[in-house]
Amino acid sequence: MKRRTLLKSVAGAAAVLAVPSLVRAAGPLKELRLDYAYYSPTSLVLRRFGWLEEAFKPAGTDIKWVLSAGSNRALEYLNGNSIDIGSSAGLAALLARANGNPIRTPYIYSRPEWTALVVRKDSPVRSVADLKGKKIAATKGTDPYLFLLRSLKQAGLKRGDIEHVALQHADGRAALEQGRVDAWAGLDPHMAASELEGGSRLVYRNVAFNTYGFLNVREEFLAQRPEETTRVLAAYERARKWIIANPSEAARILSEEAKVSLPVALLQVKLRSDFSQPQPGDEHVAALKQAAPILKEEALVKPGTDLNRTIADLVDTRFARAVTARA
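Throughout the sequence shown, residue numbering follows mature numbering (1 follows the signal peptide of the UniProt record, and there is no 0), covering -25 to -1, 1 to 302 in sequence.
Laid out in structure tokens, this is it:
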């Protein structure tokens, strides 16, 4: 056995031993189901190079990829047991968990600025306050929708002060550019494309209102398959490090997968995504605690919901340590 192969085998065994002591499944895993999403370049890189297929081939596990068009779709798939692992925004994951979706987050795939409030280039709107009485497109259950609510609140407005038009992200872009809505809570790469190709303006940006990219795992899968979960996170780590070393190549993959121009993909990957911190921790808990009140104020969760407890149940710091500690 070559030295490099031996070292990889030893490291992999060490990671498995470092996995939390949970209930383990008796039999082999026949199929692993997970999503890929244009808002998660890491998932696109992982899928393109087949690193999960490579990691699970010795166990005879088939890999099934499902496209998520937004956090709402990924969380629906998880709740419906259509996938085992799915990517979403942090605040959207918290909302889902608070409403009974049995998920936990053992890994952070990015720290993006992926959403803002967008208007057409000829729009008279210059501030959030100018949106009063306007039609605004946003995808419910996603970071852009929650970004919209937080932005309105900061400007002294309420949800009832605007007309919300529920559209999936790509449809929201089309509605904005066609003049069917006055503004849109956008999501990259659609937002970057509208900005660069349609001349749209980002009328309000706030990176602090953009919550992190959470890689969520069904709680049952996490409990029964800790070794397989760690193997997935190790593959995500491989993709994350590759993106940091090869951002232009990662942008090219995003461009090809999402069918957007290379400048659009470069804007998303190089200027609006931070891949430096995959370990869930205090900063992610703090960000969710700061954002959580909007969920109660807008009656998006049941009265009496303990969101601090929900955050503690959602953010799982145990798994990523085993893979991020490896160079």
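Even glycine gets a Cβ: it sits at the ideal position worked out from N, Cα and C. All values derive from a computational prediction rather than experimental measurement.
To the nearest angstrom, how far is the alpha carbon of residue i from that of residue j?
i: residue 357; j: Ser169; result: The question about residue 357 has no answer here: the residues shown for the chain are numbered -25 through 302.
i: Leu127; j: Gly25; result: 42 Å
i: Pro99; j: Ala158; result: 11 Å
i: His144; j: Asn56; result: 23 Å
i: Arg200; j: Ala34; result: 13 Å
i: Ala295; j: Arg134; result: 37 Å
i: Ser(-5); j: Arg293; result: Unreliable placement is indicated for Ser(-5), whose pLDDT of 46 sits below 50; the coordinate value is still reported in the next sentence. Ser(-5) and Arg293: Cα-Cα distance of roughly 10 Å.
i: Glu272; j: Glu29; result: 46 Å
i: Ala297; j: Ala150; result: 45 Å
i: Tyr19; j: Leu27; result: The question names Tyr, but residue 19 is Leu in the sequence shown. Taking the straight line joining both Cα atoms gives about 12 Å.
i: Ser230; j: Ala130; result: 35 Å
i: Ala267; j: Leu237; result: 35 Å
i: Ala44; j: Pro3; result: 30 Å
i: Ser15; j: Asp257; result: 22 Å
i: Glu224; j: Phe196; result: 33 Å
Would residue i and residue j be called neighbours here (beta carbons separated by less than 8 Å)?
i: Phe31; j: Arg206; result: yes
i: residue 308; j: Leu121; result: In the structure as shown, the chain starts at -25 and stops at 302, and residue 308 therefore has no counterpart that could be examined.
i: Tyr13; j: Glu152; result: no
i: Pro77; j: Glu203; result: no
i: Val94; j: Arg213; result: no
i: Leu289; j: Arg72; result: yes
i: Gly279; j: Phe189; result: no
i: Ala160; j: Pro222; result: no
i: Tyr82; j: Tyr211; result: yes
i: Arg215; j: Thr90; result: no
Might you give, ordered along the chain, the residues of its own chain that have their beta carbon closer than 7 Å to the beta carbon of residue i, omitting 5 neighbours on each side?
i: Gly116; result: Ser46, Asn47, Leu50, Ala67 and Leu70
i: Ile58; result: Arg8, Leu9, Asp10, Val41 and Tyr52
i: Lys5; result: Thr36 and Asp37
i: Gly174; result: Lys96
i: Leu208; result: Pro81, Tyr82, Phe294, Ala295 and Val298
i: His259; result: Gly65, Ile83, Tyr187 and Val290
i: Lys264; result: Asn283 and Ile286
Among the residues of its own chain, which have a CB less than 8 Å from the CB of residue i, if the five just before and after it don't count?
i: Val108; result: Reading the sequence as shown, one finds Gly at residue 108 and not Val. Within the same chain, Gly108 has close Cβ partners Asp136, Ile137 and Glu138.
i: Leu132; result: Val103, Ala104, Leu106 and Lys107
Got a sec? Which residues, its chain only, sit under 6 Å from residue i by beta carbon, not counting five neighbours each side?
i: Leu241; result: Ala226
i: Gln243; result: Asp163, Pro164 and Ala167
i: Arg125; result: Phe184 and Ile269
i: Arg23; result: Ile228
i: Arg284; result: none
i: Glu88; result: Val182, Asn185 and Arg247
i: Leu282; result: Ala267
i: Val235; result: Pro164 and Ala168
Contact check, residue i vs residue j under 8 Å by CB: the rounded distance?
i: Pro253; j: Thr299; result: 6 Å
i: Ser286; j: Phe250; result: It should be noted that the sequence gives Ile, not Ser, for residue 286. No, Ile286 and Phe250 are not in contact; Cβ-Cβ is about 23 Å, not under 8 Å.
i: Asn191; j: Gly75; result: Rounded, the Cβ-Cβ distance is 14 Å, inconsistent with contact.
i: Val178; j: Arg101; result: 7 Å
i: Thr80; j: Asp291; result: 6 Å
i: Val239; j: Leu142; result: So it is not a contact: roughly 20 Å between Cβ atoms.
Spell out whether any CB of chain B is found under 8 Å from the CB atom of residue i.
i: Gln143; result: The structure shown contains no chain B; it holds only a single protein chain.
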